[in-house]
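Novice:
Residue numbers (the numbering used here): 2 to 182.
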């Protein structure tokens, strides 16, 4: 294709085109490109609030400690599902936890492209004792991971459980295990 010299592609378009990996003559978008396409912003990677590491690498595995509902401004979403928050608000809170996990991965690994797949997600839901829709809440995080790594690699095994309370009265805490390239 002929383009005049004055024609220049925007940086965004160049980045978009560079985000494709060719495998077997088939273009596949990278996790970083999928995330960019979602138009979401990562919150700051949370700092440990105790004596633990937020992320631990062991060979090809990446263990991520429990993360809370850190927002872009560093504040937390707080409240108990079924009392202070609706199930839909709880699901959005779980998505926010997923974003915090992505921020930790990116801060420690340099790129989401280093992650091959999600192996396991453990979601803990701060809810009233009569609440029974824990899996619905944790879908907020699982759906985000599926959007970033695709259904084949973004959906792993999972547990979703209810808790009587969580630190700082956050509605959701999630830990995860990833396999690296």
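Every residue, glycine too, gets a C-beta built ideally from N, C-alpha and C.
Here the structure is a predicted model, which is why all the values come from computation and not from measurement.
What are the uninterrupted segments assigned as beta strand (DSSP E) that are 3 or more residues long and contained completely in the stretch 67-147, given in chain order?
Specialist: As far as the stretch 67-147 is concerned, its whole beta strand (DSSP E) runs of at least 3 residues are 116-127.
Novice: Hey, how far is the Cα of residue 183 from the Cα of residue 60?
Specialist: This structure does not reach residue 183, given that the chain is present from 2 up to 182, and the question cannot be answered.
Novice: How many Å lie between residue 56 and residue 35 at the Cα?
Specialist: For the purposes of this step, residue 56 is taken as the residue at position 55 of the chain shown. For the purposes of this step, residue 35 is taken as the residue at position 34 of the chain shown. Their Cα atoms are separated by approximately 23 Å.
Novice: Apart from the five residues just before and just after residue 121, which ones in its own chain have a Cβ nearer than 6 Å to its Cβ?
Specialist: Here residue 121 refers to the residue found at position 120 when the chain shown is read from its first residue. For residue 121, where only same-chain residues beyond five positions count, the Cβ hits under 6 Å are 157, 158, 178.
Novice: From the DSSP secondary-structure annotation, give me the bridge partner or partners of residue 173.
Specialist: Walking along the chain shown from the start, residue 173 turns up at place 172. Answer is 126, bridged to residue 173.
Novice: Relative to the C-alpha of residue 95, which residue among 63, 126, 31 is closest?
Specialist: Taking the first residue of the chain shown as position 1, residue 95 is located at position 94. When only C-alpha atoms are compared, the closest one is 126.
Novice: Taking Cβ positions, are residue 72 and residue 78 nearer each other than 8 Å?
Specialist: Translated into the one-based positions of the chain shown, residue 72 becomes position 71. Translated into the one-based positions of the chain shown, residue 78 becomes position 77. Yes, they are a contact pair.
Novice: Report buried or exposed for residue 143, applying the criterion of at least 16 other Cβ atoms within 10 angstroms of its Cβ.
Specialist: Counting from one through the chain shown, the residue named residue 143 turns up at place 142. Looking at its Cβ environment, which holds 16 or more other Cβ atoms inside 10 Å, residue 143 is buried.
Novice: So what's residue 34 in DSSP terms, helix, strand or just coil?
Specialist: Position 33 of the chain shown, counted from the first residue, corresponds to residue 34. Three-state result, residue 34: helix.
Novice: Just the C-alpha distance for residue 131 and residue 139, rounded to the nearest angstrom, thanks.
Specialist: Within the chain shown, residue 131 is the residue found at index 130, counting from 1. Within the chain shown, residue 139 is the residue found at index 138, counting from 1. Rounded to the nearest angstrom, the two C-alpha atoms are 17 Å apart.
Novice: I'd like the span of the beta strand (DSSP E) that includes residue 163, first residue to last.
Specialist: For the purposes of this step, residue 163 is taken as residue 162 along the chain shown, with counting starting at 1. Per DSSP, residue 163 belongs to the beta strand (DSSP E) from 158-164.
Novice: Per DSSP, which residues does residue 57 bridge with? Please list them.
Specialist: One-based indexing of the chain shown puts residue 57 at position 56. 64, per the DSSP bridge assignment.
Novice: Are residue 181 and residue 117 close, meaning C-beta to C-beta below 8 Å?
Specialist: The sequence position of residue 181 within the chain shown is 180, counting from 1. The sequence position of residue 117 within the chain shown is 116, counting from 1. Contact flag set, yes.
Novice: For residue 97, count neighbouring C-beta atoms within 10 Å of its own C-beta (all shown protein chains included) and say buried if the count is 16 or more, exposed if not.
Specialist: The count along the chain shown starts at 1 and reaches residue 97 at position 96. Per the 10 Å Cβ criterion, buried.
Novice: Give me the Cα-Cα distance between residue 154 and residue 145, rounded to the nearest whole angstrom.
Specialist: Here residue 154 refers to the residue found at position 153 of the chain shown. Here residue 145 refers to the residue found at position 144 of the chain shown. Each residue's alpha carbon lies about 12 Å from the other.
Novice: By Cβ distance, which residues of its chain are closer than 7 Å to residue 82, with the 5 residues on each side in sequence left out?
Specialist: Position 81 of the chain shown holds residue 82. Taken in chain order, the residues that qualify are 88, 91, 126, 127, 128, 132, 138, 172.
Novice: Tell me which same chain residues have a C-beta within less than 6 Å of the C-beta of residue 147, skipping the five on either side of it?
Specialist: As a position in the chain shown, residue 147 is number 146, starting the count at 1. Closer than 6 Å at the Cβ level, and outside the excluded window around residue 147, lie 155, 156.
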